[in-house]
Amino acid sequence: MSFIPNTGAERAEMLKAIGVSSVEELFSDIPAHLRIKGLDLPEGISEIEALDAVDSLAERNVQTKKMDWFLGAGAYYGYIPAVVPALAGRGEFLTAYTPYQPEVSQGTLQAIFEYQSMAAKLLGMSVVNASHYDGATALAEAVLMAWKARDNRPRILLPADLHPEYKQVIETYCTSFGIEFVQYEGAPEAASFDEKTAAIVIAYPGFSGEVYPIRKAADRAHEAGALCIVQADPVMCALMKSPGEQGADIVSAEGQSLGNPLNFGGPYLGIMGTTEALVRRMPGRIVGETKDKNGKRGFVLTLSTREQHIRREKAVSNICSNQGLSMLQTCIYLATLGKQGLKEVARQSYDKAHYAAELIDRIEGYRVRNSQFFREFLVETPKPASQIVKTLSRMGIMPGLALSRYYPERTNELLVCVTEMNTRAQIERLAAALKEASK
Amino acid sequence: MNTINMRDEPLVYELSRAGRTGCSLPRSDVPEYAVPGELVREELDLPELDELTLVRHFTRLSQKNFSIDTEFYPLGSCTMKYNPKVNEVAASNPGWKNLHPLVGDENAQGALELMWRLQEGLREVGGFAAASLQPAAGAHGELSGVLMISAALRARGDEGRKKMLIPDSAHGTNPASCTMAGFVTQTIPSGPDGNIDMTALKAALDETVAGIMITNPNTLGLFETNIEEICRLVHEAGGYVYGDGANMNALAGVFKPGSSGIDVMHFNLHKTFSTPHGGGGPGAGMIAANTSLAPYLPGPIVVKDGDAYRLAMPPKSIGRVKAFYGNFGVLVRAYMYLLMMGADGLRGVAENAVLNANYLKSLVEDVYPVPYKRRCMHEFVAKGTVAEGVHTLDIAKRLIDYGFHPPTIYFPLIVQEALMIEPTETESKETLDLYADALRRIAAEAATQPELLHEAPHDAPVARLDEVMAARYPILCYRG
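Structure representation (structure tokens):
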């Protein structure tokens, strides 16, 4: 299967028009000794055979849907209404390029503008870009943005309770710059700000699920001349105050749980939002409303002087291809759920998680560590959590993440996540199984 | 143009009516718990729409786009080839969609095997020792690659080398990627043949050189014939060679970049390997390296132990460049394509991509001057200087009236009034003939009725938009 329409006769005709006798001649600029005879790969196969091969690999994975699922830790099993992929998968969206020619890209451009509007209102920010590779790279770029905006200050305050993979991505992105990271524990307002502090990062919630209000820390940051960056759970923002309402200057978020499937970790959606004051320092694509020469409303990519294709080495970031389609999925998801639907998803996740925490905390040997949380909480387990995960998996329950995956010394801690997908019966089965496993 | 939807489409906020909803959740079966007072959110300004309104809205929006599925879309250096529908079917299998990234290697053997097979396949296509599927896009691959070079220099105590050379015919993201890795860039000019000026290159090679980033074929669509010599000189000077593999559609199965001396290169799976561009992304910028840089690859990568697959960090890895394991859904599509193509198919892709580009060039170069008189590879750059007072932008906009997406324009920067045209192998001869015909007609119109071009497009959902106003008085969010 090659998808190439040229027939032998046509190729001959085209070669003649070009004035060469063979296709090989077209490659004559490549030194002959570097031209290869062929690749050491199998020959091509048909659509049927290829699909069979890939489907049979897919069968060999454990699926959320076939178990009682309580594992989150940065990737969430949520409901995606059927209209979301049905509309986002339309060829006119799927097979379009970045909308550099606005007259024939109004569909993509308006959808981005709608996404920017809904995401900005959800996070309480003035503007949201579209988009970053994922929540981790959005946060890393937010850190770089804040550091450059406060360029005489080398220090960034990072929460100890931050997703370990996010921390690693920040480290990679900041390798080449003399940024000094200072880790703080507990409430963000207790972190030590000084004249060397460029910004504080607040995880809302932390990796453990713990939620700290932001306002006091944001005020303290601003008093010290520093910026306040918030890494937020966007679904939580439908129920709890947004970062913007509490004084955040830059917000980053993982948009996967807003309408994107788990897909073994990607493609996800990096969301970044900021204030009007900082918008010209923000990386990523931004769409703005304008008019055409007849006064008709239209949308264009704007503030491009921040970007690599205009500013080259002076650009605020190198990002070019982004997560356009994941952004579109989230745009359609937000419009489908709307005001009531998203609140309901957040409300049910909150209630079900709290119900689960209540049941688990009552079991002998288990203790829920959080004081305030949204849909994820940390449980102390009487036996190694990895062992509990194994035991329960065999019973069709994925009880959460054993923290030893990231912190080998934290053997007896389990991170449990409950979303709108879980039922009361599943939660009660989980509690019963945990009790059984402790014996 | 008869497929495009010309009607004004309101914003989702303008279609919103209080009390409507497009979704239903099961009734909650657990008690309600109070949210701490200081954290309660009062106001949530999201729209309220019923499902049918929503379906019509986004369907109508989609109809305002040009896309590969609806129009010829010959954007230079973007490789807008057909995106096979079967790839979408394969990627939507619940075994992928409902696979959580933290299930543990033993529960994701199918996914890890797919990644391993893709890693190995692309390693062979590029001629490299090892590969990482982590980077999410081409520029992300570039950043990874230059960070690898930076780490390798540091490891040998050479962190003083901060100069990265970039030919003026390289891709636009290269300089910004270097800055993000702490390098300072120096531009190397092209010579009269469109290749890197070897004298300028030699003059730039001093003890501060970290390396060079080469796009090959370059953005003029020309093969860098001195590639081996360039790599040798840079290596002798103590630097590394980064290859920008965005243009691999010209070379797969014909030439292995790794054999010419390139140390590290990214592939754009959303170009060469047929995964859709999605209106901006997601892409996948897999990165491959030779033995000197392989230990620094971003991780984790997949390794095979007997019959089992597991994730592992390369020994001196630069670390993670994103959470989890790359844009996995894109990798499934690319793997499908690799399977269907195979060795013979990939060679056919390169041959027909180069044939189509040279054919189209032959049909228009007497009217649209092509500054470098050579065989092109998968794309060519012509000039829009067809009549006094008419610019490339006018030609591009007029192409829309003929039902074609414009080519990449004003890039590369080294050609004035550039039109950068990449037809790809999936276009038929008839389409190329029609496009050439449109270009020739437009050149004729430019001479006789230039206002037709200046006012273009005439048949699009909007006319030319005021981009200056958009940037000066930004409206970036609905203000209802």
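These protein sequences, in sequence, are chains A and B.
The opening residue of the first sequence carries number 1 in this note's numbering; numbering runs sequentially from there.
The opening residue of the second sequence carries number 1001 in this note's numbering; numbering runs sequentially from there.
Each residue gets a CB set at the ideal place from its N, CA and C atoms; glycine is no exception.
Quiz item: Three-state secondary structure (DSSP) at E13 (chain A)?
Solution: Working through the first sequence from its first residue, we reach residue 13 (chain A) at position 13. In the structure shown, E13 (chain A) sits in a helix (DSSP, three-state: H, G or I).
Quiz item: Apart from the five residues just before and just after R11 (chain A), which ones in its own chain have a Cβ nearer than 8 Å to its Cβ?
Solution: By 1-based counting over the first sequence, the position of residue 11 (chain A) is 11. Cβ neighbours of R11 (chain A) beyond the five flanking positions: V23.
Practice problem: Excluding the 5 residues preceding and the 5 following V1125 (chain B) in the sequence, name in chain order all residues of the same chain whose CB lies nearer than 6 Å to its CB. | Solution: Translated into positions along the second sequence, residue 1125 (chain B) becomes position 125. Once the five neighbours on either side are set aside, the close Cβ partners of V1125 (chain B) are A1252.
Exercise. With a 10 Å radius around its C-beta and 16 neighbouring C-beta atoms as the bar for buried, classify R1472 (chain B) as buried or exposed.
Key: Counting from 1 along the second sequence, the entry for residue 1472 (chain B) is found at position 472. Counting Cβ neighbours within 10 Å, R1472 (chain B) comes out exposed, since fewer than 16 surround it.
Practice problem: For T1053 (chain B), I'd like the list of residues in its chain whose CB is within less than 6 Å of its CB, leaving aside the five on either flank, ordered along the chain. | Solution: Position 53 of the second sequence, counted from the first residue, corresponds to residue 1053 (chain B). Excluding positions up to five away in sequence, the list reads L1015.
Quiz item: Alpha carbon to alpha carbon, what distance is there between G288 (chain A) and Y407 (chain A)?
Solution: Counting from 1 along the first sequence, the entry for residue 407 (chain A) is found at position 407. Counting from 1 along the first sequence, the entry for residue 288 (chain A) is found at position 288. Cα to Cα, Y407 (chain A) sits roughly 44 Å from G288 (chain A).
Self-check item: Test: P1474 (chain B) CB closer than 9 Å to a CB of chain A
Solution: Counting from one through the second sequence, the residue named residue 1474 (chain B) turns up at place 474. Yes, P1474 (chain B) lies at the interface with chain A (some Cβ there is under 9 Å from its Cβ).
Quiz item: Thinking C-beta only, is F1058 (chain B) closer than 9 Å to I1400 (chain B)?
Solution: The residue given as residue 1400 (chain B) occupies position 400 in the second sequence. The residue given as residue 1058 (chain B) occupies position 58 in the second sequence. Taking 9 Å as the Cβ cut-off, I1400 (chain B) and F1058 (chain B) do not qualify as a contacting pair.
Quiz item: Excluding sequence positions up to five away, which residues of its chain have a Cβ less than 7 Å from the Cβ of M125 (chain A)?
Solution: Within the first sequence, numbered from 1, the residue matching residue 125 (chain A) stands at position 125. Contacts found: G244, V251, G273, T274 and T275.
Exercise. Give the C-beta separation of N75 (chain A) and L1102 (chain B) to the nearest angstrom, bearing in mind that I take them to be a contact with Cβ-Cβ under 8 Å.
Key: The sequence position of residue 75 (chain A) within the first sequence is 75, counting from 1. The sequence position of residue 1102 (chain B) within the second sequence is 102, counting from 1. Sequence inspection shows Ala at residue 75 (chain A); the Asn mentioned does not correspond to that position. Confirmed, about 7 Å.
Quiz item: Count the other CB atoms within 10 Å of the CB of V1184 (chain B); is the residue buried (16 or more) or exposed (fewer)?
Solution: Against the second sequence, residue 1184 (chain B) aligns to sequence position 184. It counts as exposed.
Practice problem: Find the residues of chain D that neighbour Q1063 (chain B), judging by a C-beta separation of less than 8 Å, and give them in chain order. | Solution: Among the chains of the structure shown, chain D does not appear; the protein chains present are A and B.
Quiz item: Mind checking N1002 (chain B): buried by the 16 CB within 10 Å criterion, or exposed?
Solution: On the second sequence, position 2 is the one that residue 1002 (chain B) refers to. Because the pLDDT at N1002 (chain B) is just 47, under 50, the model does not fix this residue reliably, and the value given afterwards should be weighed accordingly. Flag for N1002 (chain B) reads exposed.
Self-check item: Three-way DSSP call (helix, strand, coil) for D361 (chain A) in this model
Solution: Translated into positions along the first sequence, residue 361 (chain A) becomes position 361. Of the three classes helix, strand and coil, the one that applies to D361 (chain A) here is helix, per DSSP.
Quiz item: Looking at the unbroken alpha helix (DSSP H) that takes in C1231 (chain B), where does it start and where does it end?
Solution: Taking the first residue of the second sequence as 1, we reach residue 1231 (chain B) at position 231. Taken as a continuous stretch (DSSP letters only), the alpha helix (DSSP H) holding C1231 (chain B) covers I1227 to E1236.
Exercise. List the whole-angstrom C-beta distance separating N6 (chain A) from K1271 (chain B), where the pair is believed to meet the contact cut-off of C-beta under 8 Å.
Key: Within the first sequence, residue 6 (chain A) is the residue found at index 6, counting from 1. Within the second sequence, residue 1271 (chain B) is the residue found at index 271, counting from 1. Between K1271 (chain B) and N6 (chain A) the Cβ distance is about 20 Å, and since that is not below 8 Å, they are no contact.
Quiz item: In three-state terms, what does DSSP make of I310 (chain A)?
Solution: Here residue 310 (chain A) corresponds to residue number 310 of the first sequence, with the count starting at 1. Helix, per DSSP.
Practice problem: Please check if any C-beta of chain A sits within less than 9 Å of the C-beta of F1267 (chain B). | Solution: Along the second sequence, one-based indexing puts residue 1267 (chain B) at 267. Output row for F1267 (chain B): interface = no.
Exercise. Verify the CB distance criterion: does H163 (chain A) have a CB-CB separation below 9 Å to chain B?
Key: As a working mapping, residue 163 (chain A) is identified with position 163 in the first sequence. True, the Cβ-Cβ gap to chain B drops below 9 Å.
Practice problem: Tell me whether R1479 (chain B) is buried or exposed, calling it buried when 16 or more other Cβ atoms sit within 10 Å of its Cβ. | Solution: Locating residue 1479 (chain B) in the second sequence gives position 479, where the first residue counts as 1. When all chains shown are included, R1479 (chain B) counts as exposed.
Quiz prompt | Proximal residues of chain A, C-beta to C-beta of E1425 (chain B) below 7 Å | solution = By one-based count along the second sequence, residue 1425 (chain B) stands at place 425. Result: I4.
Exercise. Find the nearest neighbour of A437 (chain A) within the set A:R394, A:R410, A:V300 and A:T423, judged by alpha-carbon distance.
Key: Along the first sequence, read from residue 1 onward, the residue named residue 437 (chain A) stands at position 437. Considering only alpha carbons, the answer is A:R394.
Quiz item: Nearest-angstrom Cα distance between R1117 (chain B) and D55 (chain A)?
Solution: Reading the second sequence from its first residue, position 117 is the one you call residue 1117 (chain B). Reading the first sequence from its first residue, position 55 is the one you call residue 55 (chain A). Approximately 15 Å, taken between the alpha carbons.
Practice problem: Establish whether the CB of W69 (chain A) and some CB of chain B are separated by less than 9 Å. | Solution: Within the first sequence, the letter at position 69 stands for residue 69 (chain A). Judged by the 9 Å Cβ criterion, W69 (chain A) is in contact with chain B.
Quiz item: Closer than 7 Å, Cβ to any Cβ of chain B: which residues of the region 40-56 of chain A, in chain order?
Solution: D40, L41, P42, E43, G44, I45, E47, A50, L51, A53, V54 and D55
Practice problem: Can you grab the Cα-Cα spacing for the pair S1274 (chain B) / T64 (chain A), in whole Å? | Solution: In the second sequence, counting from the first residue as 1, residue 1274 (chain B) sits at position 274. In the first sequence, counting from the first residue as 1, residue 64 (chain A) sits at position 64. Cα to Cα, the separation comes out at about 29 Å.
Quiz item: How would you list, in chain order, the residues of chain A whose beta-carbon sits under 8 Å from the beta-carbon of L1011 (chain B)?
Solution: Counting from 1 along the second sequence, the entry for residue 1011 (chain B) is found at position 11. The answer, in chain order, is Q110, F113, E114 and S117.
Quiz prompt | Reduced DSSP secondary structure (H/G/I, E/B, other) of V368 (chain A) | solution = Locating residue 368 (chain A) in the first sequence gives position 368, where the first residue counts as 1. Residue state, collapsed to three classes: strand.
Self-check item: K435 (chain A): first and last residue of the uninterrupted alpha helix (DSSP H) it sits in
Solution: Reading the first sequence from its first residue, position 435 is the one you call residue 435 (chain A). That run of the alpha helix (DSSP H) goes R424 to A437.
Practice problem: Please name the residue, chosen from B:E1088, B:A1343 and B:G1104, that lies closest to A1308 (chain B) on a Cα-to-Cα basis. | Solution: Position 308 of the second sequence holds residue 1308 (chain B). Residue B:G1104 is the option with its Cα nearest to A1308 (chain B).
Self-check item: Counted within 10 angstroms of its Cβ, other Cβ atoms place K66 (chain A) as buried (16 or more) or exposed
Solution: Walking along the first sequence from the start, residue 66 (chain A) turns up at place 66. When all chains shown are included, K66 (chain A) counts as exposed.
Quiz item: Is DSSP giving E171 (chain A) helix, strand or coil here?
Solution: For the purposes of this step, residue 171 (chain A) is taken as residue 171 along the first sequence, with counting starting at 1. It is helical.
Quiz item: So what does DSSP say about D68 (chain A), is it helix, strand or coil?
Solution: Taking the first residue of the first sequence as 1, we reach residue 68 (chain A) at position 68. DSSP places D68 (chain A) in strand when its eight states are reduced to three.
Exercise. Please report the residue range of the beta strand (DSSP E) in which Y1242 (chain B) lies.
Key: In the second sequence, residue 1242 (chain B) corresponds to position 242, counting from 1. Here the beta strand (DSSP E) through Y1242 (chain B) covers Y1240 to G1245.
Self-check item: Endpoints, alpha helix (DSSP H) assigned at K1202 (chain B)
Solution: In the second sequence, the residue the question calls residue 1202 (chain B) occupies position 202. Start and end: M1198 to A1204.
Quiz item: Between A:Q372, A:F373, A:K296 and A:L401, which lies nearest to P384 (chain A) when the distance is taken from Cα to Cα?
Solution: As a first step, residue 384 (chain A) is located in the first sequence; it is residue number 384 there, counting from the start. Residue A:L401 is the option with its Cα nearest to P384 (chain A).
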